[in-house]
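Worksheet: the structure to be examined is printed underneath.
There are 2 protein chains.
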Amino acid sequence: MALRLAALSHPARIEILKRLSASACCSCREVVDHLDLAQSTVSQHLKILVEAGLVRFEADRQRSRYAVDHAALAGVSASLTELVNSCCPSFSPKRHD
Amino acid sequence: MALRLAALSHPARIEILKRLSASACCSCREVVDHLDLAQSTVSQHLKILVEAGLVRFEADRQRSRYAVDHAALAGVSASLTELVNSCCPSFSPKRHD
DNA sequence: ATCGTCCATCGCCGATAGACGATGAAGGGT
DNA sequence: ACCCTTCATCGTCTATCGGCGATGGACGAT
Chain A
1 MALRLAALSH
11 PARIEILKRL
21 SASACCSCRE
31 VVDHLDLAQS
41 TVSQHLKILV
51 EAGLVRFEAD
61 RQRSRYAVDH
71 AALAGVSASL
81 TELVNSCCPS
91 FSPKRHD
Chain B
101 MALRLAALSH
111 PARIEILKRL
121 SASACCSCRE
131 VVDHLDLAQS
141 TVSQHLKILV
151 EAGLVRFEAD
161 RQRSRYAVDH
171 AALAGVSASL
181 TELVNSCCPS
191 FSPKRHD
């Protein structure tokens, strides 16, 4: 769990996640254009996200495709929620359904 | 948000959070006894958690008191949930109530 | 006043993260 | 064949993390 959270604990990677989900095009280049970071840096962040299991990677020829693993991301969220609940079961945070 | 998640992205700090919430006694010493880490290290982790706003600190004489800020913790969880939702609004993770 | 306890802080260190440029591999276009 | 684009990887640099022991301050007890 700490590993997943560590992957999320960087502003650039959160931006990358948003970008990945916002656009149908999920190439590394796409992210680089929007993020004002060097291509190597973005590639590195993507690698971290993939290794954390939060992003899936498909090598479509040389056009690499990255996609958010929604289930995994939701899983992290659920884990965190579980931690919150285990820490303070009597505390009921408002949930917006 | 990344800051909060960074504070959570360390196994020791997660353990500390659990310990803080499990016990009514929230002294630094208490945590040290249960965590097999040096006192200075625990104090450092506590400081990080406090700076992240996840733990509240009350200097009760020399007996320092640490307590989980349930609302803040729930807030992080909510933020993450929000991120998940914004990333994939059509995706409905199973919630176990 | 002196000791012991609890705690925060400092200094130090090895390891890791995060950024970059350079390089090379893989393909597409001409 | 040649070039251009895309991308991953490598090497390097700096900054930060994470751990520890040591130190010193604050306080209670004797």
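Taken in order, these protein sequences are the chains called A and B.
Going left to right, the first sequence walks through residues 1 to 97 as our numbering numbers them.
Going left to right, the second sequence walks through residues 101 to 197 as our numbering numbers them.
Beta carbons are placed, not taken as given, at the ideal position from N, Cα and C, and that holds for glycine.
These numbers were taken from a predicted model, which means no experiment stands behind them.
Proximity below 8 Å, CB of residue i to CB of residue j
| i | j | result |
| --- | --- | --- |
| S127/B | S164/B | yes |
| I116/B | L135/B | yes |
| L83/A | R4/A | no |
| L20/A | Y66/A | yes |
| F157/B | V150/B | yes |
| C187/B | L73/A | yes |
Own chain partners of residue i with C-beta closer than 7 Å, once the 5 adjacent residues on each side are dropped
| i | result |
| --- | --- |
| S123/B | E130 |
| V132/B | Q139 and V142 |
| Q162/B | none |
| A52/A | L3, R4 and A7 |
| G175/B | none |
| S192/B | Residue confidence for S192/B is low, a pLDDT of 49 falling below 50, so the modelled location carries little weight and cannot support an answer. |
Sequence-distant residues of its chain with Cβ nearer than 6 Å to residue i (five each side left out)
| i | result |
| --- | --- |
| M101/B | S179 |
| R95/A | Residue confidence is low: R95/A scores 46 on pLDDT, short of 50, so the model does not pin down where it sits. No coordinate-derived value is stated. |
| H170/B | none |
Residues near residue i by beta carbon distance below 8 Å, same chain, minus five either side
| i | result |
| --- | --- |
| A59/A | R65 |
| T181/B | none |
Check whether the region 9 to 20 of chain A touches the region 34 to 54 of chain A, taking contact to mean three or more Cβ pairs, one atom from each stretch, closer than 8 Å. yes
Interfacial residues, the region 19 to 47 of chain A to chain B, with Cβ spacing under 9 Å: L20, S21 and A22
Could you please tell me which residues of the region 63 to 93 of chain A, in chain order, have their CB closer than 8 Å to any CB of chain B? V68, H70, A71, L73, A74, G75, V76, S77, A78, L80, T81, L83, V84, S86, C87, C88, F91 and P93
Curious, which full-length beta strand (DSSP E) runs of at least 3 residues does the region 38 to 83 of chain A contain? 55 to 60 and 63 to 68
Of the residues that make up the region 49 to 61 of chain A, which ones have a beta carbon closer than 7 Å to any beta carbon in chain B? none
Using a Cβ-Cβ cut-off of less than 7 Å, give me the residues of the region 3 to 15 of chain A that come near chain B, in sequence order. L5, A6, L8, S9, H10, P11 and I14
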